[in-house]
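J.: The structure that follows is given in the form of structure tokens.
2 protein chains.
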Amino acid sequence: MPNNQFKKGELYSFITGKASTAIARRLQKNFKQSGIEVTIEQWSVLYHLWKQEGQSQQQLCDATFRDKPSITRLVDNLEKQKLVKRVPSKEDRRINLIYLTKEALSLQEKTMALANKTLNEALEGVTNGQIEIAKEVLQKVYDNLSNLPLTDL
Amino acid sequence: MPNNQFKKGELYSFITGKASTAIARRLQKNFKQSGIEVTIEQWSVLYHLWKQEGQSQQQLCDATFRDKPSITRLVDNLEKQKLVKRVPSKEDRRINLIYLTKEALSLQEKTMALANKTLNEALEGVTNGQIEIAKEVLQKVYDNLSNLPLTDL
DNA sequence: TTTGTGTAGTTGCATAAACAACTATATGCC
DNA sequence: GGCATATAGTTGTTTATGCAACTACACAAA
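Order-wise, the sequence lines are chains A and B.
Letter 76 of the first sequence, counting from 1, is numbered 76 in my numbering, and no numbers are missing.
Letter 46 of the second sequence, counting from 1, is numbered 1046 in my numbering, and no numbers are missing.
Structure (structure tokens):
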């Protein structure tokens, strides 16, 4: 349906996602200024573990929209920094359950505050209604592309 | 202004940009299926060169929202693949002007068609009005974060 | 029990990003 | 001219991504 009305020059920012890059960079900078030595990617994993600890790596793949090798290495690095621990599942020996350390738990409040601050900076002057529509569009885009057999590969 | 109405659980997709990631992956896949051995990042540089050849690396930095090392290495790889050539500027010997080879010129039509196809897949079921608003939001986010002295670094 | 198939996770390789430190050239001011 | 400063580009290091190939375990069917 939305075919010829979408001009090529404007297509580009959709594909490259410069807005989300800018948010990520700002959040990273805000972390650094607060002395928090965690990358945005690592934080995005912690974010899901704060919501629910003890998830498998596969669950983290689904939650963070990453493939298995990416999660393996993010968990590697988080383990090096003593922020998470791999605990083998007793029911299924293939599975690692990922648990947070005290250090990681203590990061939650501060980093979530910084994330909210960053988002507020980013969304200044944008109305609730616009945000809702933007979210719907992004979700629809994601769904459109995920339903085809791409992510199965 | 948009402060407490933005729920944390929804914040996440904004920051991680999974929609734009999905578009990029789909476009990459469409390239590959057509036998085009160019990464999305390389393509995004070519895209700006098709619009105007002979840009400096710094201009490509600004156009593609990347830092200088990133462009140096993307141009390195594009040169290896014989898609672009560095030509030292005669007026300012610090500057490399980047020109396209015949191979790169011949890629334009096919890859732009694939990019449009990919976008149409992504935006199926999204109305023009929604797209306009989403673009405005993303542009506003980008502007909000770029106006502060971050990209200067 | 064996065999096949699917799932969870890891490793290797290539590409790319962010950041810092560096070289070379240009430019403006004394 | 000579010096300070800014700009264009490169290189090194760390982290992350995508893809392919691999190991280990689970489960079901013969």
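For every residue, glycine included, the Cβ atom is placed at its ideal position computed from N, Cα and C.
Just so we're clear, the structure is a prediction, and the values are computed from it rather than from any experiment.
1. With a threshold of 7 Å between beta-carbons, can B/LYS1018 be considered close to chain A, or not?
2. Where do the ends of the alpha helix (DSSP H) carrying B/LYS1068 lie?
3. Can you round the beta-carbon distance between A/GLN57 and A/VAL75 to whole angstroms, since I take them to be within the 8 Å contact cut?
4. Just mark A/SER106 as buried or exposed, buried being the case when its beta carbon has 16 or more other beta carbons within 10 Å.
5. Provide the residue span of the beta strand (DSSP E) that contains A/ARG86, from first to last.
6. State buried or exposed for A/LYS102, treating a residue as buried only when at least 16 other CB atoms are found within 10 Å of its CB.
7. Just to confirm the assignment, what range does the alpha helix (DSSP H) spanning B/ILE1098 have?
8. With DSSP as the reference, identify every bridge partner of B/SER1056, one or two as the case may be.
9. What are the residues of the region 96-123 of chain A that lie near chain B, defined by any Cβ-Cβ distance shorter than 9 Å?
10. Just the Cα atoms here: how many angstroms apart are A/GLN55 and A/ALA63?
11. Strictly under 7 Å for the Cβ-Cβ distance: is B/ARG1026 near chain A by that measure?
12. Please report the distance separating the alpha-carbon of A/LEU148 from that of B/ALA1122.
13. Does B/VAL1038 get closer than 7 Å to chain A when you measure Cβ to Cβ?
14. Where A/SER13 and B/PHE1065 are concerned, what is the direct C-alpha to C-alpha distance, given to the nearest angstrom?
15. CA-CA distance, A/LYS68 and B/ASP1092?
16. Candidates A/ARG86, A/ALA113, A/LYS90, A/MET112: which alpha carbon is nearest A/LEU100's?
17. Measure the alpha-carbon distance for A/LEU60 versus A/ASN77 and round it to whole angstroms.
18. Please report the residue range of the alpha helix (DSSP H) in which A/SER20 lies.
19. Please give me, in chain order, every unbroken run of the beta strand (DSSP E) with length at least 3 that falls completely inside the region 1091-1147 of chain B.
20. Assign B/ASN1128 to buried or exposed, taking buried as 16 or more other Cβ atoms, counted over all protein chains shown, within 10 Å of its Cβ.
21. For B/ALA1113, count the other beta carbons within 10 Å of its own beta carbon; 16 or more makes it buried, fewer makes it exposed. Which is it?
22. Could you check if B/LYS1090 is buried or exposed, using at least 16 other CB atoms within 10 Å of its CB as the buried criterion?
23. Rounded to whole angstroms, what is the Cα-Cα separation between B/ASP1143 and A/PRO88?
24. So, A/SER20 versus B/GLY1035, is the Cβ gap smaller than 7 Å?
25. Look at the alpha carbon of A/ILE40 and the alpha carbon of A/ILE15, and state the distance between them as a whole number of angstroms.
26. From the DSSP output, in three-state form, read off A/PHE65 for me.
27. Name, please, each residue of chain B whose Cβ falls closer than 8 Å to the Cβ of A/THR21.
28. Classify B/ARG1026 as buried or exposed, calling it buried when 16 or more other Cβ atoms lie within 10 Å of its own Cβ.
29. How would you write the range of the alpha helix (DSSP H) that B/ILE1040 sits in, first residue to last?
30. With distances taken between CB atoms, is the gap from A/GLN130 to B/ILE1133 smaller than 7 Å?
T.: Let me lay it out:
1. yes
2. That run of the alpha helix (DSSP H) goes 1068-1080.
3. 6 Å
4. Exposed, since its Cβ has fewer than 16 Cβ neighbours within 10 Å.
5. 84-88
6. The residue in question, A/LYS102, is exposed, as its Cβ has fewer than 16 Cβ neighbours within 10 Å.
7. Counting along the chain, B/ILE1098 falls outside any alpha helix (DSSP H), though it belongs to the beta strand (DSSP E) covering 1096-1100.
8. In the DSSP assignment, B/SER1056 forms a beta bridge with B/LEU1097.
9. MET112, ALA115, ASN116, THR118, LEU119, ASN120, GLU121, ALA122, LEU123
10. 10 Å
11. yes
12. Since pLDDT at A/LEU148 reaches only 45, below the 50 mark, its modelled position is unreliable, and the value read off the structure follows with that caveat. Near 11 Å, if we compare the C-alpha coordinates of B/ALA1122 and A/LEU148.
13. no
14. Counting only the Cα atoms, B/PHE1065 lies some 10 Å from A/SER13.
15. 47 Å
16. A/ARG86
17. 15 Å
18. 18-33
19. 1096-1100
20. exposed
21. Classification for B/ALA1113: exposed.
22. Taking all protein chains shown into account, B/LYS1090 has fewer than 16 neighbouring C-beta atoms within 10 Å of its C-beta and is therefore exposed.
23. About 46 Å.
24. Pairing A/SER20 with B/GLY1035 gives a Cβ-Cβ distance that is not under 7 Å.
25. 20 Å
26. Coil.
27. GLY1017, PHE1065
28. buried
29. 1040-1051
30. yes
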